[in-house]
Amino acid sequence: MIVTFLVDVAWRNPRGILISPGPGSPQDSGISLETVLKLGPTIPVFGVCMGLQCIGEAFGGEFCLQVYLKAEGKVVRSPFGVVHGKSSLVYYDEHGEDGLFSGLPNPFTAGRYHSLVIEKESFPGDELEITAWTDDGLIMAARHKKYRHLQGVQFHPESIITSEGRTIVGNFVKLVERFDAESMK
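According to UniProt numbering, the sequence shown is numbered sequentially starting from 1.
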């Protein structure tokens, strides 16, 4: 079901929200940016690919074509270019039971299908924390510092290329269950 108004999402009283991949940029994502800002503080949100880009942009980050990256204030050509259906090792560093990567090997293999990434230089570090990255330093996951149930990944956990995708999705489900249990107290 496609939902086109934020009030429709809120009315359904979801336990968790998935902001899925899509073509284009966060500005082309319908109600995704608004969902992050208005519902993210009160409902667990899992952003995948463009979903992570929406989380980054919602809190002030900028994104860029992965083909060109900013390095030390200069725009340089990335040796990795656009990735579609390619695998990368993803490294992570997160703390607490609310992490998407709990129980995973470090690094693990992830399937990537994207041309945009959140720029490291504009990353909104006051609001978000980087939780995973690639060998070349591209941001592969982030979560909100205060609303730790608001998280996203740049890669595709649903891809057969992602070795630990099932566990990552399962960890989000566990996060939703813990959030529900704490909300009932």
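We put the CB at the ideal spot given by N, CA and C, even for glycine.
Inter-residue Cα distance where the pair is residue i and residue j
| i | j | result |
| --- | --- | --- |
| residue 186 | PHE123 | In the structure as shown, the chain begins at 1 and stops at 185. Residue 186 is therefore absent and cannot be evaluated. |
| VAL9 | GLY47 | 16 Å |
| LYS86 | VAL117 | 15 Å |
| PRO21 | MET140 | 14 Å |
| ALA58 | ALA132 | 19 Å |
| LEU37 | ARG148 | 14 Å |
| ASN106 | ILE161 | 16 Å |
| MET184 | PHE108 | 35 Å |
| LEU175 | LEU39 | 16 Å |
| GLU158 | VAL45 | 16 Å |
Buried or exposed by the 16-neighbour rule on C-beta atoms within 10 Å, applied to residue i
| i | result |
| --- | --- |
| ASN171 | buried |
| VAL67 | Any answer about VAL67 is weak, because its pLDDT of 49 lies below 50 and its placement is not dependable; what the coordinates show is given next. Counting Cβ neighbours within 10 Å, VAL67 comes out exposed, since fewer than 16 surround it. |
| ARG112 | buried |
| PHE63 | buried |
| LEU89 | exposed |
| PRO41 | exposed |
| HIS144 | buried |
Where residue i sits in the DSSP three-state scheme
| i | result |
| --- | --- |
| VAL67 | The pLDDT assigned to VAL67 is 49, lower than 50, so where the model puts this residue is not dependable; a value taken from the coordinates is nonetheless given after this. If DSSP states are grouped into helix, strand and coil, VAL67 belongs with coil. |
| PHE50 | The question names Phe, but residue 50 in the sequence shown is Met. DSSP places MET50 in helix when its eight states are reduced to three. |
| ILE118 | strand |
| ARG166 | helix |
Identified DSSP bridge partners for residue i
| i | result |
| --- | --- |
| HIS149 | Answer is none; HIS149 lacks a bridge partner. |
| GLU57 | GLU57 is not bridged to any residue. |
| GLY103 | Paired residue(s): none; GLY103 is not in a bridge. |
| LEU33 | Answer is none; LEU33 lacks a bridge partner. |
| ALA141 | ALA132, VAL153 |
Below-8 Å beta-carbon distance, residue i vs any chain C residue
| i | result |
| --- | --- |
| GLU158 | Chain labels in this structure do not include chain C; a single protein chain is all it has. |
The segment 51-58 touching the segment 33-40, judged by at least three CB pairs closer than 8 Å: yes
Would you call the segment 95-104 and the segment 145-154 touching, i.e. three or more CB-CB distances under 8 Å? yes
Is it true that the segment 171-180 meets the segment 127-140, where meeting means three or more beta-carbon pairs spaced less than 8 Å apart? Taking 8 Å as the limit for Cβ pairs, the verdict is that the segment 127-140 does not touch the segment 171-180.
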